[in-house]
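Peer 1:
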Amino acid sequence: MERTHAKPRVMVVDGHDDERRATAHMLRARDATVLEARTATEALDDRDGIDGWVIDCESPEEYAAGLLYVLRTDPSVAPVLLVSREPSDTNADLAAAFGATFVQKPIRAEIIDALIRDASRAIPVGRRLGADLELSE
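Residue numbering for the sequence shown follows the numbering used here, starting at 17 and increasing by one per position.
Below you can see the structure in the form of structure tokens.
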């Protein structure tokens with residue numbers, strides 16, 4: 017079922033300010049609501065209601081593996097892009113182990129489009145209904 021009103025909420029976790037802003041800009045241009053975090057700790061503080069994630073492997077202070085672990089034991093069905101400037105079998109294996117997708121930066125537009133599509137489908141029914149219907153008490 018396609019959503020008609022609610023925008024997917026996507027969290028971008030990247031310690032590189034310019035790269036985080038560029039990714040956020042691409043998502044906003046495709047009508048997503050974007051939250052930005054420099055570290056995993058910041059991201060986890062605002063994780064409620066997040067429909068999709070873009071996580072940089074080289075984020076400072078925190079490890080991507082720890083963030084992925086928390087997201088998947090939460091349990092979250094939100095799609096995750098694990099991104100890095102360098103191709104790496106280790107990062108690809110990490111992504112696969114946690115049901116994420118590994119992509120190399122810069123992130124191509126079609127990857128962002130796929131994330132938004134998947135995030136739209138992963139929105140919990142209660143949030144979708146609350147956004148699509150005007151419910152009274």
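Beta carbons: idealized from backbone N, C-alpha and C, even for Gly.
1) Can residue 82 and residue 26 be called in contact, C-beta distance under 7 Å?
2) Residue 31 and residue 54 look like a contact to me (Cβ under 8 Å); what is the Cβ gap, rounded to whole Å?
3) Would DSSP call residue 158 helix, strand or coil?
4) Would you check if the distance between the CB atom of residue 101 and the CB atom of residue 121 is smaller than 7 Å?
5) Using the Cβ count rule (16 or more neighbours within 10 Å means buried), how would you classify residue 72?
6) With a threshold of 16 other CB atoms inside 10 Å of the CB of residue 39, please say whether the residue is buried or exposed.
7) Residue 99 to residue 119, Cα distance in whole Å?
8) Name the two residues that bound the continuous beta strand (DSSP E) containing residue 72.
9) In the DSSP assignment, what residue or residues form a beta bridge with residue 25?
10) Tell me the rounded alpha-carbon separation between residue 124 and residue 70.
11) Check whether the Cβ of residue 59 lies closer than 6 Å to any heavy atom of the ligand COA, and answer yes or no.
12) List the endpoints of the continuous beta strand (DSSP E) containing residue 93.
13) Consult DSSP for residue 104 and reduce its assignment to one of helix, strand or coil.
14) Based on the DSSP output, what are the partners of residue 119 in its beta bridges?
Peer 2: Here's the rundown:
1) no
2) 5 Å
3) Since the first and last residues shown for the chain are 17 and 153, residue 158 lies out of range.
4) For the pair residue 101 and residue 121, the CB atoms are nearer than the 7 Å cut-off.
5) Buried, since its Cβ has 16 or more Cβ neighbours within 10 Å.
6) buried
7) 5 Å
8) 68 to 72
9) Looking at the DSSP output, residue 25 shares a beta bridge with 49.
10) 13 Å
11) Here there are no bound small molecules, and the ligand COA is not part of this structure.
12) Per DSSP, residue 93 belongs to no beta strand (DSSP E) and is neither H nor E.
13) coil
14) 99
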